[in-house]
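Asker:
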Amino acid sequence: MICSYRFCQQELPSWLNGNRRYCNDECNYLERLEREKEKNLSKKKVLAELNRIQTLLRKCHVQYGSSLFDVNVLREQHMNWTIITGISKTEGCEFRIIGSYAYVVFDDNQIKIIQL
Ligand SMILES: [Zn+2]
Numbered sequence: 481m482i483c484s485y486r487f488c489q490q491e492l493p494s495w496l497n498g499n500r501r502y503c504n505d506e507c508n509y510l511e512r513l514e515r516e517k518e519k520n521l522s523k524k525k526v527l528a529e530l531n532r533i534q535t536l537l538r539k540c541h542v543q544y545g546s547s548l549f550d551v552n553v554l555r556e557q558h559m560n561w562t563i564i565t566g567i568s569k570t571e572g573c574e575f576r577i578i579g580s581y582a583y584v585v586f587d588d589n590q591i592k593i594i595q596l
């Protein structure tokens, strides 16, 4: 077994209990800090992407209002369809919410954006 602290990875002395994953409490603590850093970084990335998509929707809404327009306009700007913050049933459609905007894509490749 080697120490699970990513920057240590020393061989654990064989006399240590088989369940031990770290040389000592310090390695345990430092690895926990690294995991915390990773989590914060990925949170930041998700937040940045969310802001990017929201800005994209805002721009389109400024341009098209709540009218239908070609969904390719968003595709060309690398719309991320996987990020949503909620779902709202409005006007008989299922809108996908991102921040203060929501959109629905219809079968004919038209999209409608509303401001919440
Ligand atoms: Zn260690």
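Per the working numbering, the very first residue in the sequence shown carries number 481; after that it's consecutive. Note that beta-carbon positions come from the ideal geometry of N, C-alpha and C, so glycine has one too. Note that this is a predicted model, so its numbers are computed, not measured.
1) Residues in the same chain with beta-carbon distance under 6 Å from I594, minus the five sequence neighbours each way, listed in chain order, please.
2) Bridge partners for Y581 per DSSP, in chain order?
3) Can you tell which of F487, I591, E529 has the C-alpha that lies nearest to the C-alpha of V553?
4) Output yes or no for whether 8 Å exceeds the beta carbon distance between C530 and I578.
5) Which of helix, strand or coil does DSSP assign to C488?
6) Which stretch, first to last residue, makes up the beta strand (DSSP E) that contains S568?
7) Comparing alpha-carbon positions, which option in L537, R512, F549, Q543 lies nearest N589?
Answerer: Put simply:
1) As a working mapping, residue 594 is identified with position 114 in the sequence shown. Here the set comprises S546, A582.
2) As a first step, residue 581 must be located in the sequence shown, where it is residue number 101. For Y581, which the question treats as bridged, DSSP gives the partners I578, Q595.
3) Taking the first residue of the sequence shown as position 1, residue 553 is located at position 73. Nearest of F487, I591, E529 to V553, Cα basis: I591.
4) The count along the sequence shown starts at 1 and reaches residue 530 at position 50. The count along the sequence shown starts at 1 and reaches residue 578 at position 98. Just to set this straight, residue 530 is Leu in the shown sequence, not Cys. For L530 and I578, yes; Cβs fall inside 8 Å.
5) Numbered from 1 along the sequence shown, position 8 holds the residue referred to as residue 488. Three-state result, C488: coil.
6) Against the sequence shown, residue 568 aligns to sequence position 88. Counting along the chain, the beta strand (DSSP E) containing S568 begins and ends at 566-570.
7) Start at 1 with the first residue of the sequence shown, and residue 589 comes out as number 109. Ranking the options by Cα distance to N589, first place goes to F549.
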